[in-house]
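*Asks:* Numbering (mature numbering (1 follows the signal peptide of the UniProt record, and there is no 0)), first residue to last: -21 to -1, 1 to 736.
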């Protein structure tokens, strides 16, 4: 915004307003029209039909009151439609004198106008008689307003006596001084309210300019001046002098005449000055982050912010090397700094999905035994104060950190020291994968090299910041290459389309790309500035890859990774990308097929092991150090890997891992559910959608009068994070099993594979 012409911004805003006015096609109607006539609020409300004028002429005396209420609705939808103008007008039948009363909108979306003659009779200037009472409704988005004669009413008010002017016995005439100035003699001044409104309208653009200056962060104490400085302030001062003369001598039209010339010059000088000072302030070390409210952080700014968080964590709360910090926080630059600061002090950072309930969080608190728990939902997490030394609100932490002096010294860590513990669920429950500083460095460097990141890149970051994809892969690429990350709170199609023209790289899950293709604007011309689209965390379907290529002329780069291994394979950046494959192994990684075609990998980014589970760790590695992924795959002659399916029952919905056992335990506790099986079914938007197949007690279900599914939905909303909740529920008498008594989920997936077709 700092580089945009301010004048262009104002003109664009005006054009948008005109376009909205021109495009308005809403037709409105009135409903629930009632009036109340009497001397107190106990009088009866009477209804009136639209366009049927009241036939009687009620009387309104000087002690009486008339109240009118009505609703304004969209004629097409019937929903309330708030308008900018809603008046009740009294028009004298003979003199056409008009008195306007405003109808106020109450919380129930009903407009109410109250005319109490005891208070408002002066408005009638002593003129009694028959008045037409009209409802006048209008709005810039409504091409045809409403001007309807609701009723005629006979108003009786006291006559106003003519003022008596007493003649002075001694008349003293004093000649007023003539106004001598360079302008012509002023005309009659407008009403004060008009003059005041005119002044504020004229000052508004300069207020906008000052706001822009504050956003850029101009500091005139730094000595940064320009040839535009003196002309701008001279023009700015001249405008205030002009306003002063307007109040003392000039009329509105004269002021506009001079304001056009002085204001245009001042805007030009101000815009030039803004550009120069903004360029002077631009950090030489490059922009690190563009945050949610368009806040810009250079790498020096980010380092200082991380240093303040480090000082807070280590100095005030005593966090040190080897301690754990649990973070169930929102996505923000503050919490990015919290993550980086925990690495700087040598602590283990444990990110959690902010959608987790307190019940779900309890396992992680018990297993990790953190020293600090930073949360975005302090109200529900107060319960952990007995088991965690410090339970802190993320907003309080941010406020405290902003007051600290930054420390830029880092704790000495070795490559093998644990930096992050990422919990991943499985058949044995939630287990923490220990990711070392060496893993983070190796994984980030490999991707930055493979995907050719440079300082000129701008990564549009819309992924969750508690997941390997969003935390380590995306962020590491930008930090290592010293490029820029546009850090958005979450993915929406509208926000992605807003920021993509300013970006060069986009990383997402297949669901993101599926939704982007819903926009007619998303085509080759729109994406011409983008050099790379990366997909991961879930399988990318061939039809989606092909449609994206056809629409944009760009091939999505699909890669393969997991929490325990970061990224293992990637389609090449500057060589053919094979749809349906995840590419060859990254440089420094080895991939092979083990027993039953399961993918096995060895890489510098492979995790250290599972937190406090040495036996499980040992089982997941081969004797020669390869990690067993649990995914079935194939490798072609060129080394490209194809993932054929998962050997485990993991469901990946919208790029997020959903582990069946965790959800099955929740539903198995329901009285009418004998047992449940959670499966993933193909879904056009999410890739896979969670489906709950429940073997139920029919007798117990009948007691719910057909509301068993609603019961389970409400139950799940209290027990599970949003992305874990089933999209469909299927009730059966028994679940299919094999000869060993194990539930045959493969049969269930085949049976319900077209559930969302």
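Quick reminder that beta carbons are idealized off the backbone N, C-alpha and C, glycines included.
Roughly how many whole angstroms lie between the Cα atoms of residue 291 and residue 394?
*Replies:* 25 Å
*Asks:* Can you find the residues in the same chain that come closer than 6 Å, C-beta to C-beta, to residue 100, ignoring five residues on each side of it along the sequence?
*Replies:* 41, 136
*Asks:* Between the alpha carbons of residue 318 and residue 328, how many angstroms are there, rounded?
*Replies:* 7 Å
*Asks:* For residue 424, name the three-state secondary structure that DSSP assigns.
*Replies:* Taken through DSSP and simplified to helix, strand or coil, residue 424 comes out as helix.
*Asks:* Can you grab the Cα-Cα spacing for the pair residue -13 / residue 248, in whole Å?
*Replies:* Its pLDDT being 33, under 50, residue -13 is placed unreliably in this model, and the value from its coordinates should be taken loosely. Rounded to the nearest angstrom, the two C-alpha atoms are 16 Å apart.
*Asks:* Three or more C-beta pairs closer than 8 Å, one from the segment 416 to 433 and one from the segment 356 to 365: is that the case here?
*Replies:* no
*Asks:* By Cβ distance below 6 Å, which residues in the same chain neighbour residue 510 in space, the five residues on each side in sequence not counted?
*Replies:* 483
*Asks:* Compute the Euclidean distance between the alpha carbons of residue 629 and residue 5, then round it to the nearest angstrom.
*Replies:* 49 Å
*Asks:* Under the three-state reduction of DSSP, which class applies to residue 674: helix, strand or coil?
*Replies:* strand
*Asks:* I need the DSSP call for residue 342, collapsed to helix, strand or coil.
*Replies:* helix
*Asks:* DSSP beta-bridge partners for residue 537?
*Replies:* 514
*Asks:* Buried or exposed for residue 211, please, with buried defined as at least 16 other CB atoms from any protein chain shown within 10 angstroms of its CB.
*Replies:* buried
*Asks:* Excluding five sequence neighbours on each side, which residues of the same chain lie with their C-beta closer than 7 Å to the C-beta of residue 559?
*Replies:* 521, 621
*Asks:* Are the Cβ atoms of residue 286 and residue 206 separated by less than 7 Å?
*Replies:* No, Cβ-Cβ distance for residue 286 and residue 206 is not below 7 Å.
*Asks:* Reducing DSSP to helix, strand and coil, say where residue 198 ends up.
*Replies:* Annotation note: pLDDT 48 at residue 198 (below 50); position unreliable, coordinate value reported separately. The answer is coil: DSSP assigns residue 198 none of H, G, I, E or B.
*Asks:* CA-CA distance, residue 444 and residue 450?
*Replies:* 5 Å
*Asks:* Taking residue 320 as the reference, which of 389, 616, 49, 573 has the closest Cα?
*Replies:* 389
*Asks:* Kindly indicate which residue of 684, 706, 660 has the alpha-carbon position closest to the one of residue 728.
*Replies:* Of the listed residues, the one whose Cα sits closest to residue 728 is 660.
*Asks:* Answer yes or no: the CB of residue 92 versus the heavy atoms of the ligand SAM, is any distance below 6 Å?
*Replies:* Questions concerning the ligand SAM fall outside what the structure shown contains, since it holds no ligand whatsoever.
*Asks:* What's the call for residue 618, buried or exposed, on a 16-neighbour Cβ count within 10 Å?
*Replies:* exposed
*Asks:* Suppose contacts are defined by Cβ-Cβ distances below 7 Å. Is residue 316 in contact with residue 288 by that definition?
*Replies:* Closer than 7 Å, so yes.
*Asks:* Note down the Cα distance separating residue 124 from residue 118, rounded to an integer number of angstroms.
*Replies:* 7 Å
*Asks:* Using 8 Å for Cβ pairs, my map puts residue 707 next to residue 652. What's the rounded Cβ distance?
*Replies:* Between residue 707 and residue 652, the beta carbon gap of about 15 Å keeps them out of contact (Cβ cut-off 8 Å).
*Asks:* Over the uninterrupted beta strand (DSSP E) stretch that includes residue 403, give me the two end residues.
*Replies:* Taken as a continuous stretch (DSSP letters only), the beta strand (DSSP E) holding residue 403 covers 397 to 403.
*Asks:* Cα separation between residue 111 and residue 56?
*Replies:* A direct Cα-to-Cα measurement between residue 111 and residue 56 gives close to 31 Å.
*Asks:* Suppose the cutoff is 8 Å on Cβ atoms and the five residues either side in sequence are ignored; what does the same chain contact list for residue 478 look like?
*Replies:* 439, 465, 467
*Asks:* For residue 453 and residue 436, which I take to be in contact (beta-carbon distance under 8 Å), what is that distance rounded to the nearest angstrom?
*Replies:* In fact, because the Cβ distance is near 12 Å, the residues do not count as touching under 8 Å.
*Asks:* Can you pull the DSSP bridge partners for residue 413?
*Replies:* 400, 588
*Asks:* Under DSSP, the beta strand (DSSP E) around residue 98 begins and ends at which residues?
*Replies:* It is not in any beta strand (DSSP E) - residue 98 instead sits in the alpha helix (DSSP H) that spans 96 to 99.
*Asks:* Could you confirm whether any beta carbon from chain B is found closer than 7 Å to the beta carbon of residue 384?
*Replies:* Here there is only one protein chain, and chain B is not present.
*Asks:* DSSP state of residue 611, grouped into three classes?
*Replies:* strand
*Asks:* Would you mind reading off the limits of the beta strand (DSSP E) that contains residue 376?
*Replies:* Unbroken run through residue 376 is the alpha helix (DSSP H), 373 to 381; no beta strand (DSSP E).
*Asks:* What is the residue span of the alpha helix (DSSP H) that residue 642 lies within?
*Replies:* That run of the alpha helix (DSSP H) goes 639 to 646.
*Asks:* What is the rounded straight-line gap between the Cα of residue 244 and the Cα of residue 214?
*Replies:* Their Cα atoms are separated by approximately 7 Å.
*Asks:* Grab the span of the alpha helix (DSSP H) containing residue 725 for me, first residue to last.
*Replies:* 724 to 730
*Asks:* Between which two residues does the beta strand (DSSP E) carrying residue 384 extend?
*Replies:* Careful: residue 384 lies outside any beta strand (DSSP E) and carries neither H nor E.
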